[in-house]
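Residue numbering for the sequence shown follows the UniProt record's numbering, starting at 1 and increasing by one per position.
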Amino acid sequence: VLTLAACTIRDGNGITARIKMRNGELDIDVQNSKMQTGEWTAVAFGPDMSDLEIYLFELKGTRVLAHSGVSTGYESPTLDDSSSVSVRDSSYSGGTLHARFSRALKEAGPRKHNLESCANIALAYGAMEGESIGAHYDRPYQTRVCFAECK
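The structure is reproduced here in structure tokens:
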């Protein structure tokens, strides 16, 4: 049985994602305590690292911009033309980026990933290269989560 602690994921390098299920939706609260302007942080879900649905938060000045996209392996992620991130709130203060967003547990977004059972989750951050996503600083932290148990 998964405990609440298992629904709090820490990469050990400044990123924390807290996941709760509410009314058939995942409520995801992500923080990165080492963010600077011109950087991004991301939470990704999927069956494996070659098919990840990405929710990426970019810091421009003190503004947090939300993007959705896909990663299919070692190339830079491809961002969607129209973001499918449902952001509840976001902020940047004292070096910490905070973003809270929701996502349906059932098939959602262009990739139609279903998170009703268990899936891999990855956390990463890196620098923007102009308008493009640069490489992540460290190897993404990965774990498996059964989201329905995140209550």
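Where is the CB? At the ideal position from N, CA and C, for every residue including glycine.
Are L26 and C146 touching if we call contact CB-CB under 9 Å? As a position in the sequence shown, residue 26 is number 26, starting the count at 1. As a position in the sequence shown, residue 146 is number 146, starting the count at 1. In this structure, C146 does not lie closer than 9 Å to L26 by Cβ.
Counting along the chain, where does the beta strand (DSSP E) carrying residue 166 start and finish? Here the chain has residues from 1 to 151 only, and residue 166 is not among them.
Going by DSSP in three states, E149 sits in which element: helix, strand or coil? As a working note, residue 149 is residue 149 in the sequence shown. Of the three classes helix, strand and coil, the one that applies to E149 here is helix, per DSSP.
Just to confirm, are E75 and A66 a CB contact at a threshold of 9 Å? Counting from 1 along the sequence shown, the entry for residue 75 is found at position 75. Counting from 1 along the sequence shown, the entry for residue 66 is found at position 66. Judged by their CB atoms, E75 and A66 are not nearer to each other than the 9 Å cut-off.
From which residue to which residue does the beta strand (DSSP E) around D27 run? Stepping through the sequence shown from its first residue, residue 27 is reached at position 27. That run of the beta strand (DSSP E) goes E25 to N32.
Spatial distance of I19 from A148 (CA atoms): Counting from one through the sequence shown, the residue named residue 19 turns up at place 19. Counting from one through the sequence shown, the residue named residue 148 turns up at place 148. Rounded to the nearest angstrom, the two C-alpha atoms are 10 Å apart.
Please classify Y55 as buried or exposed, where buried requires at least 16 neighbouring CB atoms within 10 angstroms. To locate residue 55, count along the sequence shown from 1; it is residue 55. Y55 should be labelled buried.
Quick check on this structure: which residue in T62, L123 and S93 has the alpha carbon closest to the alpha carbon of G38? Start at 1 with the first residue of the sequence shown, and residue 38 comes out as number 38. Taking only the C-alpha atoms, the option nearest G38 is T62.
Between the alpha carbons of D134 and V70, how many angstroms are there, rounded? Looking up residue 134 in the sequence shown gives position 134. Looking up residue 70 in the sequence shown gives position 70. Note on residue identity: the sequence assigns Gly, not Asp, to residue 134. Roughly 14 Å between the two C-alpha positions.
Same chain only: Cβ atoms within 7 Å of H98, ignoring 5 sequence neighbours per side: Counted from its first residue, the sequence shown places residue 98 at position 98. Taking C-beta separations shorter than 7 Å and ignoring five residues to either side along the sequence, the partners of H98 in its chain run Q31, S90 and S91, following chain order.
Could you tell me the boundaries of the beta strand (DSSP E) in which residue 164 lies? Here the chain has residues from 1 to 151 only, and residue 164 is not among them.
Since Q142 and A122 are thought to touch, with beta carbons under 8 Å apart, how far apart are those beta carbons, to the nearest angstrom? Walking along the sequence shown from the start, residue 142 turns up at place 142. Walking along the sequence shown from the start, residue 122 turns up at place 122. So it is a contact: roughly 5 Å between Cβ atoms.
Kindly give me the distance between the Cβ atoms of D80 and P47, rounded to whole angstroms, as I take these residues to be in contact under 8 Å. Position 80 of the sequence shown, counting from 1, holds the residue named residue 80. Position 47 of the sequence shown, counting from 1, holds the residue named residue 47. So it is not a contact: roughly 19 Å between Cβ atoms.
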